[in-house]
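Colleague: Whatever position you read off the sequence shown (first residue = 1), add 67 for our numbering. I'd like to ask some things about the structure below.
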Amino acid sequence: MVIMAKKTRLDKFLCDSLNMTRKEAKESVKKGKVVVNGEVIKKPEYKVDAEQDQVEFDHKLIQFEQFHYLMLHKPQGVVSATKDHHDQTVLDLIHEDYKDRLFPVGRLDKDTEGLLLLTDDGMLAHELLSPRKHVDKVYFAKVSGQFGENEIARFKEGLDIGNGERSKQARLQILKADVQESEVLITIMEGKFHQVKRMVKAVGSEVLYLKRLSMGSLKLDEELKLGEYRRLTKAELQELKEHRR
Numbered sequence: 068m069v070i071m072a073k074k075t076r077l078d079k080f081l082c083d084s085l086n087m088t089r090k091e092a093k094e095s096v097k098k099g100k101v102v103v104n105g106e107v108i109k110k111p112e113y114k115v116d117a118e119q120d121q122v123e124f125d126h127k128l129i130q131f132e133q134f135h136y137l138m139l140h141k142p143q144g145v146v147s148a149t150k151d152h153h154d155q156t157v158l159d160l161i162h163e164d165y166k167d168r169l170f171p172v173g174r175l176d177k178d179t180e181g182l183l184l185l186t187d188d189g190m191l192a193h194e195l196l197s198p199r200k201h202v203d204k205v206y207f208a209k210v211s212g213q214f215g216e217n218e219i220a221r222f223k224e225g226l227d228i229g230n231g232e233r234s235k236q237a238r239l240q241i242l243k244a245d246v247q248e249s250e251v252l253i254t255i256m257e258g259k260f261h262q263v264k265r266m267v268k269a270v271g272s273e274v275l276y277l278k279r280l281s282m283g284s285l286k287l288d289e290e291l292k293l294g295e296y297r298r299l300t301k302a303e304l305q306e307l308k309e310h311r312r
């Protein structure tokens with residue numbers, strides 16, 4: 068968890084608050100664009116108190132963000148990790164100055180698309196991932212074969228998914244069912260390794276395509292193209308924090 072020091076350099080404060088690069092922040096300060104407590108400050112190394120000082124940039128008051136929250140539309144082929152020696156990671160898709168602080172909340176398999184929350188708020192991440200909190204995660208899946216009432220009942224009961232593990236009850240909603248392929252929504256409240264794929268395999272089928280649509284109250288913004296991200300809105304963040312309780 069990253070906690071802001073009592074006093075920090077002005078250029079770093081701008082980077083953390085406005086997603087600037089350090090070079091952009093220094094240039095802005097030297098050009099007189101930054102005012103601290105009513106006084107123009109032109110020294111990037113000037114120390115400010117994030118809690119007490121009033122900092123303005125281009126005549127607008129800066130609201131310091133202690134933590135950052137990004138919604139990513141994860142594409143296939145990218146791993147849910149901060150570092151990897153072989154594959155592109157989700158952090159490689161982020162172009163913010165604070166990207167090195169972020170980590171994915173939970174994980175999506177390399178070949179799975181969809182919603183992934185990136186943050187540096189360890190407490191929120193812990194709350195969302197805790198099995199005790201029963202945070203719903205909804206997936207859209209294309210699966211082999213024709214799903215029906217039998218699969219719905221078995222998902223509701225919980226499934227033996229191998230390695231001595233059993234899934235908790237889950238909700239299966241069938242959107243389309245043909246002999247060759249079905250389209251379904253799967254809602255789970257836990258996050259075992261390869262869980263959705265293992266549940267589908269347990270009923271004699273195979274996942275052909277998988278996409279996470281939501282996590283708790285947070286829903287994937289379908290306007291985000293694969294590989295794109297955006298900050299959570301204040302309303303989304305507030306709902307997420309309330310939902311975890």
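Where a beta carbon is used, it is the ideal one built from N, C-alpha and C, also for glycine.
Assuming the contact rule is C-beta atoms closer than 8 Å, residue 139 and residue 157 should be a hit. Round their C-beta distance to whole Å, please.
Modeller: Locating residue 139 in the sequence shown gives position 72, where the first residue counts as 1. Locating residue 157 in the sequence shown gives position 90, where the first residue counts as 1. About 6 Å separates the CB atoms of residue 139 and residue 157; that is less than 8 Å, so the two are in contact.
Colleague: Quick check on residue 312: buried or exposed, where buried means 16 or more other Cβ atoms within 10 Å of its Cβ?
Modeller: Counting from one through the sequence shown, the residue named residue 312 turns up at place 245. Model confidence at residue 312 stands at a pLDDT of 49, short of 50, so the residue's coordinates are unreliable; what they give is reported in the following sentence. It counts as exposed.
Colleague: How is the beta strand (DSSP E) around residue 185 delimited, first residue to last?
Modeller: If you number the sequence shown from 1, residue 185 lands on position 118. Where residue 185 is concerned, the enclosing beta strand (DSSP E) stretches over 180-186.
Colleague: Contact between the stretch 203-221 and the stretch 240-257 is defined here as three or more beta-carbon pairs at a separation below 8 Å; is this criterion met?
Modeller: The stretch 203-221 vs the stretch 240-257: in contact.
Colleague: With a threshold of 7 Å on Cβ separation, who are the neighbours of residue 104 within its own chain once the five nearest residues in sequence on each side are excluded?
Modeller: Here the question's residue 104 lines up with position 37 in the sequence shown. Only 120 and 121 meet the Cβ criterion.
Colleague: Going by CA-CA distance only, name the one from 90, 82 and 273 that's closest to residue 218.
Modeller: Looking up residue 218 in the sequence shown gives position 151. Nearest C-alpha to residue 218: 273.
Colleague: Answer with buried or exposed for residue 34, where buried requires no fewer than 16 other C-beta atoms within 10 angstroms of its C-beta.
Modeller: Residue numbering for the chain in the displayed model covers 68 to 312; residue 34 lies beyond these limits and cannot be assessed.
Colleague: Mind checking whether residue 202 and residue 283 have CB atoms under 8 Å apart?
Modeller: What you label residue 202 is simply residue 135 of the sequence shown in a count that begins at 1. What you label residue 283 is simply residue 216 of the sequence shown in a count that begins at 1. Against a cut-off of 8 Å, the Cβ pair of residue 283 and residue 202 comes out as a contact.
Colleague: Enumerate in chain order the residues of its own chain whose CB-to-CB distance from residue 177 is below 6 Å, with the five nearest sequence positions on each side excluded.
Modeller: Position 110 of the sequence shown holds residue 177. Correct list, in chain order: 146.
Colleague: Is residue 49 helix, strand or coil by DSSP?
Modeller: The structure shown does not extend to residue 49, since the chain is modelled only from 68 to 312, so the question has no answer here.
Colleague: Excluding the five sequence neighbours on either side, which residues of its own chain have a C-beta within less than 6 Å of the C-beta of residue 278, listed in chain order?
Modeller: The residue given as residue 278 occupies position 211 in the sequence shown. These residues qualify, in order along the chain: 180, 181 and 207.
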